[in-house]
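Taking this note's numbering, I'd label the letters of the sequence shown as residues 3 to 181. By construction, the Cβ of each residue, glycine as well, lies at the ideal position given by its N, Cα and C atoms. Note that this is a predicted model, so its numbers are computed, not measured.
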Amino acid sequence: NQRQGGNEVLRAYLEDAPAVTLTVPTGTDIAIDRSIAIVTHEQPGAGTVDAQTLGHVKLGRGVIGATLGDLASGNIDVSGIADVTIGDVAGYLNGALSGSANFRAGALGAARLVLSGSGNIDTDDIGGHGDLILSGSGNLTVGSVANSVSRPSQNKSKEMTLLLTGSGNITANDVGRPV
């Protein structure tokens, strides 16, 4: 697989680059943009009441890999070749991936997920409103979508947005309200 091979070569190259370690309190907002980076959040106490949850996380252009724990909310905007995995998101997640990026998330409070290109988005259940938009040949797969009436202020419509252009697939196990 050429995509995986290219990513592994870049990862090997970055192993010799300087490493930056940030130690931040629970709930801290993080933004990484326009940097070639592999981002890892070590979550002390994962799976316990003491687990450290990041605040709002923004990953932008240049991030080629990220493994994060649970988030309060997030804005994931990744283009090109990237592999991003996050835990549960208590609030709203705005996820936009373009190119051949792959994105995996746990349960989401509410979400707008946009996939352009040949990548994949795979999440667990969306507890509130969900907008699913796919353009290209990728796959966008979610568990169930409650599609509640409560939604972020930027989405004024009362219906869930489900838009597919291209040859990709959108799969949701269950949708709680009409689309």
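What's the gap between the Cα of residue i and the Cα of residue j?
i	j	result
T173	N122	11 Å
T87	D18	23 Å
P27	G57	9 Å
R106	N149	20 Å
V177	A21	43 Å
What span of residues does the beta strand (DSSP E) with residue i cover, start to end?
i	result
A148	Run containing A148: none; DSSP gives neither H nor E here.
S118	110-119
L70	Where L70 is concerned, there is no enclosing beta strand (DSSP E), given that its DSSP letter is neither H nor E.
Taking 6 Å as the limit between beta carbons, can you name the residues of its chain near residue i, skipping five residues before and five after?
i	result
D127	A109, G145, S146
A113	L95, I128, G132
Does the Cβ of residue i have 16 or more other Cβ atoms within 10 Å, making it buried, or fewer, making it exposed?
i	result
S118	buried
Just list the residues that DSSP pairs residue i with in beta bridges.
i	result
D176	S146
S169	Answer is none; S169 lacks a bridge partner.
T87	T69, R106
T125	A107
D79	A98
A14	Partner(s): none; A14 has no beta bridge.
D133	R114
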